[in-house]
Structures are given as structure tokens and as C-alpha cells.
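In my numbering, the protein residues as written are 1 to 275.
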């Protein structure tokens, strides 16, 4: 750089060279990143463990491409300006101190920072892949094979009462179940592997002394046919049916883990809990 400046190269001319070199590198890196992202998303979708994506599509869209292009352009500009800022010294100084301690420390610091950031990203990606593979081996308790889920809102402006919304839910499930190729249909406020609602409850005193801290559990309100549609195995007792309607005794089903933790793992059919 010092030699080129000595024979008459202007700062703008040097900046053009730096920009061209940086642009070639970052464009190649951006293209490789987009390709890895695209085919990595396809691979993740094929490895979808137990339907944990809940039907969400994973892939690249115009926002990802735009952000990548913006980062690419900013990186090219930054790395074309920095060498120009570093070359403000005189030609003689630049020739004599090409390996000066200040520049050596700056370069070493940049290399250390790059290695640290790359190591951080690599460790994070490795942990994510390991967790993803472990998730595939976890028994989720339901079958995601040939299962379709979607969300529907019942606005209060159209369904003024809770009963009207419930009736609309049941009608929708019945119409879906009547479609060709549909073996079962039901509805619920939340589905497994999603961020459900939490409640505080008190276990049946007959199961033992009350805990020091009030237990917290996830809750989902479901319609008849839910467990058959999700193919959730029934350990003991029965599933919900049309007789579990308002005006009848309230019933609930709990998971095996909750039964072991709060009811001692004994037969919990007939036990009670307070919401």
C-alpha cells in the first residue's frame, strides 16, 4: 500500500481496490450462508421431531435475503474504509514500520476476536443440533404422523356468549371430520409442544400433606375426540365424551408425570384437585 501511494495512487483509488477485494469475499460468504440456510432449513423440516414445529414453515424469505445483502454491503464498506484509515502515516513511516508493534497488536486483537466469535457460534450451533437430535428420541406422548393443526379465532363480536363459541367449535370439528380422507377431528385451547396456559392448583388432600409451594401445571381445554385425534395413549380411566357438558360433574384428565409427582403414582381415577 505504501509503495502504491509513493508512485501516485490516491486514497480513493486505494479505497476502490479495498472495496472490490472485500466485496468479492463477502459476496461469496453471503451466497454460501444463504445456501447453507436454505438446505439446512429443508433438512430441519425433514427431521422435524415429533411435530414440534406445529406446522410452521422454516425457510428463507425476502427479509432474510435483504438482511444478508445489507450485512454484506456494510461489511464490504467497513473493510474498505479501515485500511484507508490505517494508512494515514507517511510513506516512509509505512515502509519502515510495516510490522510495528501497534499494528501487530491490532491485527492480533482482530484475529482473537474473530476466533472467539466463531467459537461461540460453533458451540451454540453444536448445542442446538445435539438438543435437536435428543428431542427426536423423546417420547412426546402423541403421534404427529399425518396430523394437521391450525388456529381459529372466535371473535366476541360474532359469538357473543361462551356457549355460542363452543357450539361453533363443535360444528367446525364435525364438518372437518366429514371431509374425505379425514379420520378424526377435534379442538383444544392449546396443543402439545406449544406455549400453553398455566394454572395453580391444589392436589387432593387424600394423596398426602399439601406441598409447601402451590403446584403450577399447564392446562388445555379440549373437545370430545381430542385424545383419539392426537392418538394420545390412555393409561387408565376414560376420555371425555358428550356427557361432560355444563351442568354435569366437572372432570379432568392429567398426565402420567403429574400423577407420579403429585399423587404418588397410585391410581388417580376418582381423585380431586382444586383449580
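Positions of the beta carbon are idealized from the N, C-alpha and C atoms, including for glycine. All values reported here derive from a predicted model rather than from experimental measurement.
Name the two residues that bound the continuous alpha helix (DSSP H) containing residue 177.
162 to 177
Name the DSSP bridge partner or partners of residue 224?
Answer by DSSP bridge pairing: none, since residue 224 is not bridged.
Below 8 Å on the Cβ atoms is my guess for residue 262 versus residue 215; work out the distance and round it to an integer in Å.
6 Å
What does the alpha-carbon distance come out to for the pair residue 181 and residue 244?
28 Å
Note down the Cα distance separating residue 142 from residue 178, rounded to an integer number of angstroms.
23 Å
May I ask you to verify whether the region 59 to 71 touches the region 34 to 46, counting CB pairs closer than 8 Å and requiring at least 3?
yes
According to DSSP, which residues form a beta bridge with residue 239?
Partner(s): none; residue 239 has no beta bridge.
Is residue 217 helix, strand or coil by DSSP?
strand
If residue 186 sits next to residue 226, beta carbons under 8 Å apart, how far is it from one beta carbon to the other, in whole angstroms?
4 Å
Assuming residue 250 and residue 204 make a contact with CB atoms under 8 Å, what is their CB distance in whole Å?
The pair is not a contact, with the Cβ atoms about 14 Å apart (cut-off 8 Å).
Could you tell me whether the Cβ atoms of residue 239 and residue 256 are closer together than 9 Å?
no
Measuring alpha carbon to alpha carbon, tell me which residue in 47, 119, 23 is nearest residue 132.
47
Mapping DSSP to helix, strand and coil, what is residue 254?
coil
Please classify residue 277 as buried or exposed, where buried requires at least 16 other C-beta atoms within 10 Å of its C-beta.
For the chain, the structure presents residues 1 to 275; residue 277 sits outside this window and is missing.
Here's the rule I'm using: 16 or more other beta-carbon atoms within 10 Å means buried, otherwise exposed. How should residue 36 be labelled?
exposed
Let me know the secondary structure DSSP gives residue 47 once reduced to three states.
coil
If you drop the 5 nearest sequence neighbours on each side, which residues of the same chain put their C-beta closer than 7 Å to that of residue 221?
188, 189
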